[in-house]
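Under my numbering, think of the first position of the sequence shown as -18, with each following residue one higher.
Just so it is clear, CB atoms sit at the ideal spot from N, CA and C, and this is done for glycine as well.
Below is one structure; the comments refer to it alone.
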Amino acid sequence: MKPETPFYITTPIYYPNAEPHLGHAYTTVFADILARYHRLIGDDTFYLTGTDEHGLKLQRAAEAKGVTPKEFVDSMVAIYRNFWGLLNISYNRFVRTTDEDHIKVVKYAAEVMYRKGLIYKGNYSGWYCVDCEKFYSASEYLMIDGRPHCPIHRKPLEWTEESTYYFRLSEFREYLLNLLKNKDIVYPKHFRQEVINKIVGQELLDISIARPKERVWWGIELPFDKNYTVYVWFDALLNYLTGINYLSDKERFRRYWSSTHHVIGKDILWFHTAVWFAMLKALDIDPPKKVLVHSFIINKGLKMGKSSGNAVRIEDLLGRYLSSDGVRYLIARIFNLGKDVEVSTSLLDSIYNSELADNLGNLIRRVGVLIKKKLKGTLSSESIDNTLTDKADTAVHKFNKLLGEEYEISTALQEVMGLLKEANAYINSVRPWELSDPSKELYTLMEVVKVAINLLYPVIPESVSKVAESFSIQLGNPLDISVDVGKEYVVKEAPILFKKVR
Ligand code: ME8
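See below:
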């Protein structure tokens, strides 16, 4: 037997200072679709998500609620897990930066780098955004009413001046440029160029990786100086090692690490390339295989954010579209790596109604009802209408290329929708309800349904399982799916999958 290919996929670990919203679901659902797809094609898949629980932002959020940070994050983590459950997220581990094994990894990494002389003591001062947990330079921040403001959150920055420890990021300039220029890690390519330009265009400065405990006490203690806690980003990035047993199972770690795919939003590109690749090099670990970067969801002209007052709640989406599949499909359909996407209820409603309720749902219902009425529920045929089924085979090929090689889930779905549209046109033109024996026509349609639901399986798993069960369709590897002749299908019922919204 061929050994399974590993596939390791991660999302950012989110700050649990507030509930997740559509922006977080955007990344998490996309990564879930890739994880499910890779499981279906036979890869040994590991999907990691989690929460980033330390630092000033969480410390303050807990203070505001009058509870300890640990109590606060525990309650928020339950909310995150609940939402990911409601959205059918098939993660293999939910990593928390307060987990014991993670704390060990962070202390170990800091110790190794310190011993190598890559961490040293110093002072810093600068304008800090607590929401981003990062410093902004004069070329980056916005001046509003004569005060520096965060370019993302548009809130006033805080002047911060204290002693710290630095990581020698500057030493990795040549390594980083070489890596970024010669390896196809960052995808889409324009984001790779953005990082290269930033490294070339400005001096690559060492970064502060510690905070004095008296100011930020909610964090992992620096192993070589107990007066400091580790900076949240240094702490958080290492979760990707914790998740696959970096310290406790070297063999397992090596296996999954060789196929690492980090999915991130473009806001955290710098940390996941320049900073992270240098940290990995400092630990003698290869860079990830891919960093898949997506753009923002925009609402009312601004990036959707926890603190911007324009967050679309996952709960509201689930309430409106009634199923996790509905929400998952909409996210996948608006998903865009390269470009920001403006969302609105009318956009989501129209995709949902025309693609899920009409194009997919109606076809399934009609095919099911016709097979039951005209053929007493049992379908077989020795002949088939090739003009339609050839299109199904083409869609399989295109879908696999788009999703498996180019990560273009939205375009891949449009292929399936195109096929279903053809099938709907076919049913209207052959009018099986008027034929005395519509076996050939309904069999042709059933093969199209089989192909379509197999391709849609990673995106809308519950609906697909329902159709497969009702129509006795076998689900399989999307790479091998093809039109068959001479099979028998027994149709138990004709499910109604998606009710229209108004
Ligand atoms: O940055 N559009 O956590 P975070 C698209 N803890 N994606 C969005 C989005 C939007 N409007 N809003 C949020 C952190 N996201 C760190 C990560 S990883 C080692 C540490 C998604 O809670 C997107 O994936 O601020 C973005 O990168 C992430 O949420 C930021 O989540």
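As the crow flies, the alpha-carbon of residue 38 is around 12 Å from that of residue 214. In this model, residue 181 and residue 85 are separated by some 35 Å (Cα to Cα).
The beta carbon of residue 58 sits closer than 7 Å to those of -3, 32 and 77, all from its chain and outside the five residues before and after it, given in chain order.
Measuring C-alpha to C-alpha distances from residue 464 to each of 162, 298, 375 and 129 identifies 375 as the nearest. With a cut-off of 8 Å on Cβ pairs, the region 150 to 161 is not in contact with the region 108 to 121, counting fewer than three such pairs.
Proximity of the beta carbon of residue 308 to the ligand ME8 is not indicated: no heavy atom of the ligand is located closer than 8 Å.
Around the beta carbon of residue 245, 16 or more other beta carbons sit within 10 angstroms, so the residue counts as buried. Here residue 223 is buried. Its C-beta has 16 or more other C-beta atoms within 10 Å.
With a contact defined as Cβ atoms closer than 8 Å, residue 249 and residue -7 qualify at about 6 Å. The Cβ atoms of residue 471 and residue 452 lie closer than 9 Å to each other.
With respect to the 9 Å criterion, residue 240 and residue 105 are not classified as neighbours on the basis of their beta carbons. Residues of the same chain with a CB within less than 7 Å of the CB of residue 34, apart from the 5 flanking positions on each side, are -3, 54, 77, 78 and 79 in chain order. Of the candidates 320, 338 and -11, the residue whose Cα lies closest to the Cα of residue 302 is 338. With a cut-off of 8 Å on Cβ pairs, the region 365 to 379 is in contact with the region 389 to 406, counting three or more such pairs.
The beta-carbon separation of residue 16 and residue 28, rounded to 4 Å, stays under the 8 Å limit for a contact.
At least one heavy atom of the ligand ME8 is found less than 8 Å from the C-beta of residue -4. In this structure, DSSP gives residue 26 an extended state, which the three-state scheme calls strand.
Going by C-alpha positions, residue 96 is about 16 Å away from residue 259. Approximately 7 Å separates the beta-carbon atoms of residue 322 and residue 276; this is inside 8 Å, confirming the contact. Taking one beta carbon from each stretch, the region 189 to 200 and the region 265 to 276 have fewer than 3 pairs nearer than 8 Å; the two do not touch. Taken atom to atom, the span from the alpha-carbon of residue 2 to that of residue 367 is near 45 Å. Pairing residue 264 with residue 93 gives a Cβ-Cβ distance under 9 Å. Residues of the same chain with a CB within less than 7 Å of the CB of residue 310, apart from the 5 flanking positions on each side, are 337, 440 and 441 in chain order. A heavy atom of the ligand ME8 is found nearer than 8 Å to the CB of residue 244. Look at residue 104 here: in three-state DSSP terms it is strand. Every alpha helix (DSSP H) of 4 residues or more that sits fully in the region 216 to 241 is shown, in chain order, as 220 to 223 and 231 to 238. Every alpha helix (DSSP H) stretch that sits fully inside the region 411 to 470 and reaches 4 residues is listed by chain position as 420 to 437 and 442 to 452.
With contacts defined by Cβ atoms closer than 9 Å, residue 145 and residue 108 do not form a contacting pair. Here the C-alpha atom of residue 13 lies approximately 39 Å from the C-alpha atom of residue 411. When DSSP states are grouped into helix, strand and coil, residue 277 belongs to the coil group. Its Cα nearest to that of residue 347, the residue 423 stands out among 130, 231 and 423.
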